[in-house]
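Taken in sequence, the protein lines are chains X and C.
Read in order, the letters of the first sequence correspond to residues 1 to 462 in the numbering used here.
Read in order, the letters of the second sequence correspond to residues 463 to 856 in the numbering used here.
Think of the CB as a built atom: it goes at the ideal place given N, C-alpha and C, for glycine as much as any other residue.
Structure record follows, encoded as structure tokens.
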Amino acid sequence: MNYPLWVVPDLGGSWVIGIISIIHIFISHFAVGGGIYLAFAEQLAYKRKDERIYNFLKSHSRFFVLLTTVAGAVTGVGIWFSVSLVSPDGIASLIQCFTLAWAEEYLFFVAELATAFAYYYTWDRISREQHLLLARLYAIFSVFTLVIINGVLTFMLTPGKWLSSHWWFDGVFNPTYFPSLAIRLLIMLAIAGMYALVTCTRIEEPKFRTFMVRYCAKWLLPVFLLGPVCMLWFLSQVPHSVLGTIFTGIQNSGVGNFSILARALYISLVLSGTILLFAFFGPFLNPRGFTFKVAILFMICGFAATGTTEWMREMLRKPYVVYNYIYSNGIHKDEIEKIADEGFLHRGKWSTALTAATPTDEFHNGEIVFRYQCMACHTEKGYRSMKKLLGQRDEQAIISFLQILRERDPQKNNYSNIMPPLAANDAEMKSLAKYLASINTDEREKNTAHRSPASDHSISMK
Amino acid sequence: MDLAHLIPSYQPLPFPLPVWLMQTLLVLGFYLHALPMNVVLGGGFISTALFAIGRSDQSSYAYRAAKALAVSLPLFISFAITQGIVPLLFLQLIYGPAFYTSSIIMAVPWISLLLVIMISYYLSYIVLYRTLRGQEGEKSAAKASLLLLVMSIGFSFVAYLFSNNMTLMLHPEKWLAMYEHSAKGMNLNSSEVTLIPRYLHFFVSSFAVAGMTLGLFGLYMSKKDSKFSEWMIKIGSRIFMAATVIQIPVGLWFLKAIPAEFAGNFLGSDQIATAVFGLSMALTLLSICTSTIAAGSGNRKAFIATVITNALLILSMIVNRHQLRLFHLNPHVKPELVAVSTQWDLLAVFLVSTVALIWYLVWLSALVLKSYQKPIAEYATNSSVATIGEVSHG
Chain X
1 MNYPLWVVPD LGGSWVIGII SIIHIFISHF AVGGGIYLAF AEQLAYKRKD
51 ERIYNFLKSH SRFFVLLTTV AGAVTGVGIW FSVSLVSPDG IASLIQCFTL
101 AWAEEYLFFV AELATAFAYY YTWDRISREQ HLLLARLYAI FSVFTLVIIN
151 GVLTFMLTPG KWLSSHWWFD GVFNPTYFPS LAIRLLIMLA IAGMYALVTC
201 TRIEEPKFRT FMVRYCAKWL LPVFLLGPVC MLWFLSQVPH SVLGTIFTGI
251 QNSGVGNFSI LARALYISLV LSGTILLFAF FGPFLNPRGF TFKVAILFMI
301 CGFAATGTTE WMREMLRKPY VVYNYIYSNG IHKDEIEKIA DEGFLHRGKW
351 STALTAATPT DEFHNGEIVF RYQCMACHTE KGYRSMKKLL GQRDEQAIIS
401 FLQILRERDP QKNNYSNIMP PLAANDAEMK SLAKYLASIN TDEREKNTAH
451 RSPASDHSIS MK
Chain C
463 MDLAHLIPSY QPLPFPLPVW LMQTLLVLGF YLHALPMNVV LGGGFISTAL
513 FAIGRSDQSS YAYRAAKALA VSLPLFISFA ITQGIVPLLF LQLIYGPAFY
563 TSSIIMAVPW ISLLLVIMIS YYLSYIVLYR TLRGQEGEKS AAKASLLLLV
613 MSIGFSFVAY LFSNNMTLML HPEKWLAMYE HSAKGMNLNS SEVTLIPRYL
663 HFFVSSFAVA GMTLGLFGLY MSKKDSKFSE WMIKIGSRIF MAATVIQIPV
713 GLWFLKAIPA EFAGNFLGSD QIATAVFGLS MALTLLSICT STIAAGSGNR
763 KAFIATVITN ALLILSMIVN RHQLRLFHLN PHVKPELVAV STQWDLLAVF
813 LVSTVALIWY LVWLSALVLK SYQKPIAEYA TNSSVATIGE VSHG
């Protein structure tokens, strides 16, 4: 409402962020885990006095540098670009709180990149002792970028004491900071192992390939052993309402109103389990039969698991950008009551400007309310399609449903855990209903013959 | 409509630093971004041309200089992207209400620039690891030239999109009509009168900076190959001189295109703006003189004087650019009205870390540069591996 809203048909703005983020997360986790891997593997080369490991690392490091410095860096900036376009109020709040934390991360990022290049360009040019030092420095710097950005990421789910103190320290070192850091580090090691498995399968000498494949498979073990413990630690720190959302979802899977989160959890667990079992019975127990194609399949599984898990993490935060502070549609929590009394459209700069010329055009006003309050998560006919979700409801049925959404009391509004309350006065709510009713016209017409009055106002979120 | 009603509000949170400090960091950050960015933009085109000129003889100076530039481009691209983070951070912080809005209005081209950067970036690596690998000949030189041209066109397009957004954020009066034209973000600020001269002003300067870089490579080579070194300094200085002379009419066009009131500020109405603008003009003339000497004789001192003058010139031009932004935005966007609650603790950590980082980068650069002065070490024998192994576990 404060800014113009970027309309992304079918896909929805959230997926623009999502696509870039998933790619970035998969690469950046590799950048950190891979750094640790390179340092340990180089040490292994010297310890075993094995030139073959040394030479393997030289070729692996090119792949590493090319992937992390180009695609990793550009998608990292890309997340920032996309969030600025989709959620300007959210990112502006984060930047204003954590400017210097971000600036500090930038310093580590510069050190990380400079070290990556120095490391890559000095194979055989400096003493091996110095080269190993560079590898270790790279690993340390990259872990520090995680140490900082993890504070901002976890802050969004559990801002903790920051909500009252507004002190950056409370925001960064929030309740889920440490468990999340531990989980991410474990995942990073696993991803590093998975990437290295791909390059290992290219080694021609069978005996050496077998040795390296087994070595890389070991990198997936820490997450296997410690992952569940860290996950329980993480869950013990998230708000109760979030846990409620997950478990309600699980119990009502398939019929419940939030079964999609439970499904994502299943997919994430199944994929992660598959990878780990696969790693144990494949490259670890039977390294000889592990081929390039299987390694790529492995990576695809890893990519899908990362994507699903990160998507779930985002879903857990619903309906907020910063939990209990700012909703996913950019409205501050403490504004809701006032908006319900005074109206929404005149509150924001751009919502006012966009409706100023047509104050009595209900349909247009409804569209503007839809953009600002619904489009952060929904599209008209694509992702989380309103057309589908509305089904055959007519305008009156939609109004009844919107009245539920407008309730701030969770007892009366069972969507309050996943959707921001509708912040609108009566006239705006009617305008929104008018607009929404125009989206599902086809559905209504198609089923006129079989239509029955909508007595149940709940919307299935399947 | 009153434009004040279109400028989004700041967040209900205090700024973590005083506005003057954030502006200083914005200007310095942009300076550190502009240097490598210019090398990439101009260097890509110059390398394209030099590969085309020297394609039939791989020992020719043109070919060798083209290769030196092409090989360094991926590093400069990485610096440019990394250094872009600081100005972007502070631009969003101080001028977010204008910048977020203009970005959303041209969202599709704006976000697409990421893809263009990535493709161009990978092209620079393809030239390095595919085209210039193995047997080099006329064919590979022509291919490198072509790939670098595509890469450079990509980066020119990125620069064009940046010019679009940086000008659109200065014109709130255009926003509503453009957004109503396409809420899907399919807009460009191509009707802007200052767009082309502003874009050209940056584009031409990239050739000057890349010319300087070529000369600096020459300076680095002076002990190894003094003739080639002299040639690089001469060619680099010539490119610099030509680009700087072309900048004079382009700059005048730009000055004429901006609103008369703002042009007046640079020409006497505003003391600070006039002083910085005067300094820029003086440095321009000085750099033309010194580069003329270096271009003719390959004189190293004249070249170093040009490098220093140019470094100052770019900084003063960037201050001018910031002043122009202030003239545009001052009536509408008022960061000075936002409360400030300075995070002294983090600021101290940041300053100490900055000093440590600079020290580290100096050490690292010395290590790398020194390693390149020596021929590549022979593959270490098993015995030397053993020595290190013992060291790291001893």
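Between X:L269, X:V86, X:Y415, X:T210, which lies nearest to I573 (chain C) when the distance is taken from Cα to Cα?
For I573 (chain C), the closest C-alpha among the options X:L269, X:V86, X:Y415, X:T210 is that of X:V86.
Is K686 (chain C) close to chain X? Criterion is C-beta to C-beta, closer than 8 Å.
No, K686 (chain C) lies away from the interface with chain X (no Cβ there is under 8 Å from its Cβ).
Chain C contact residues for W463 (chain X), given Cβ-Cβ distances below 9 Å
Within the shown structure, residues of chain X are numbered from 1 to 462, placing residue 463 (chain X) beyond reach of any answer.
What is the residue span of the beta strand (DSSP E) that Y325 (chain X) lies within?
Counting along the chain, Y325 (chain X) falls outside any beta strand (DSSP E), and DSSP gives it neither H nor E.
With a threshold of 6 Å on Cβ separation, who are the neighbours of M429 (chain X) within its own chain once the five nearest residues in sequence on each side are excluded?
For M429 (chain X), where only same-chain residues beyond five positions count, the Cβ hits under 6 Å are L402.
Compare the beta carbon distance of E395 (chain X) and K434 (chain X) with 8 Å and say whether it is the shorter of the two.
Using a Cβ distance threshold of 8 Å, E395 (chain X) and K434 (chain X) count as a contacting pair.
What residues of chain C sit near N324 (chain X), judged by a beta carbon separation below 8 Å?
Within 8 Å Cβ-Cβ: nothing; N324 (chain X) doesn't reach chain C, min ~15 Å.
Can you tell me where the alpha helix (DSSP H) with C301 (chain X) in it begins and where it stops?
Going by DSSP, C301 (chain X) is part of the alpha helix (DSSP H) stretching over 292-316.
Check whether the Cβ of V83 (chain X) lies closer than 8 Å to any Cβ atom in chain C.
Cβ-Cβ to chain C under 8 Å: no for V83 (chain X).
Residue closest to G680 (chain C), alpha-carbon to alpha-carbon, out of C:L610, C:A704, C:R762, C:Y641
When each option's Cα is compared against that of G680 (chain C), the closest is C:R762.
CB contact check: I126 (chain X) to chain C, cutoff 8 Å
Yes, I126 (chain X) lies at the interface with chain C (some Cβ there is under 8 Å from its Cβ).
Looking only at C-alpha atoms, which of X:A190, X:V270, X:L181, X:G244 sits nearest to M231 (chain X)?
Measuring C-alpha to C-alpha distances from M231 (chain X) to each of X:A190, X:V270, X:L181, X:G244 identifies X:L181 as the nearest.
From A279 (chain X) to A217 (chain X), what distance separates their C-alpha atoms?
Those two C-alpha atoms are separated by around 6 Å.
Could you compute how far the alpha carbon of S564 (chain C) sits from the alpha carbon of N627 (chain C)?
Roughly 6 Å between the two C-alpha positions.
Report all residues from its chain with a CB closer than 6 Å to the CB of S522 (chain C); omit the five preceding and five following residues, and keep chain order.
Result list for S522 (chain C): G516, in chain order.
Name the two residues that bound the continuous alpha helix (DSSP H) containing A101 (chain X).
For A101 (chain X), the uninterrupted alpha helix (DSSP H) run begins and ends at 88-121, by DSSP.
Could you have a look at H633 (chain C) and say whether DSSP puts it in helix, strand or coil?
In this structure, H633 (chain C) counts as coil in the three-state DSSP scheme.
Would K529 (chain C) and L610 (chain C) be called neighbours here (beta carbons separated by less than 8 Å)?
Taking C-beta atoms as the reference points, K529 (chain C) and L610 (chain C) fail to come closer than 8 Å.
What do you get for W806 (chain C), buried or exposed, if any count of 16 or more other CB atoms within 10 angstroms of its CB means buried?
Exposed.
Starting from the C-beta of L186 (chain X), find all residues in its chain whose C-beta is less than 8 Å away, skip the five residues before and the five after it, and write them out in chain order.
The answer, listed in chain order, is P222, V223, L226, G227, C230.
Do you know offhand how far L608 (chain C)'s Cα is from G599 (chain C)'s?
One alpha carbon belongs to L608 (chain C), the other to G599 (chain C), and they sit about 14 Å apart.
May I ask which residues mark the beginning and end of the alpha helix (DSSP H) holding R428 (chain C)?
Because chain C is modelled from 463 through 856, residue 428 (chain C) falls outside the range shown and cannot be assessed.
Within the continuous alpha helix (DSSP H) that includes G193 (chain X), where are the two ends?
Element bounds for G193 (chain X): 177-200.
What residues in the segment 375-394 of chain X have a beta carbon less than 7 Å from any beta carbon of chain C?
Within the segment 375-394 of chain X, no residue qualifies.
Looking at the structure shown, is F173 (chain X) part of a helix, part of a strand, or coil, going by DSSP?
Coil.
I want to verify the contact list: residues of chain X whose CB lies under 8 Å from the CB of T816 (chain C), in sequence order.
In chain order: L107.
Use the C-beta contact count for K446 (chain X): other C-beta atoms within 10 angstroms, 16 or more gives buried, fewer gives exposed.
Flag for K446 (chain X) reads exposed.
Who pairs with H332 (chain X) in a beta bridge, going by DSSP?
According to DSSP, which records beta bridges pairwise, H332 (chain X) is partnered with X:I326.
Pull out every residue of the segment 514-545 of chain C whose Cβ sits closer than 7 Å to any Cβ of chain X, in chain order.
Within the segment 514-545 of chain C, the residues whose Cβ lies closer than 7 Å to some Cβ of chain X are L537, S540, I543, T544, listed in chain order.
For S385 (chain X), list the residues DSSP reports as bridge partners.
When beta bridges are read from the DSSP output, S385 (chain X) appears opposite X:T379.
Closer than 8 Å by C-beta to V769 (chain C): which residues in its own chain qualify, once you throw out the five before and the five after it? Chain order, please.
So the list reads M674, G677, L678, once near-sequence residues are dropped.
Less than 8 Å between the CB atoms is what I'm expecting for A735 (chain C) and Q785 (chain C), so what's the real figure, rounded?
Here A735 (chain C) really is in contact with Q785 (chain C); their C-beta atoms are around 5 Å apart, less than 8 Å.
Once you ignore the five residues that flank A437 (chain X) on each side, which residues in its own chain have a CB closer than 7 Å to its CB?
Excluding sequence neighbours, A437 (chain X) sits near D394, E395, I398.
Other residues of its chain near E104 (chain X): CB distance less than 7 Å, five sequence neighbours each side excluded:
Excluding five sequence positions before and after E104 (chain X), the CB atoms of its chain that fall closer than 7 Å to its own CB belong to I148, given in chain order.
Pick from X:A114, X:G34, X:A423: whose alpha carbon is nearest that of R371 (chain X)?
Considering only alpha carbons, the answer is X:A423.
Based on the DSSP output, what are the partners of F477 (chain C) in its beta bridges?
Beta-bridge pairing links F477 (chain C) to C:V802.
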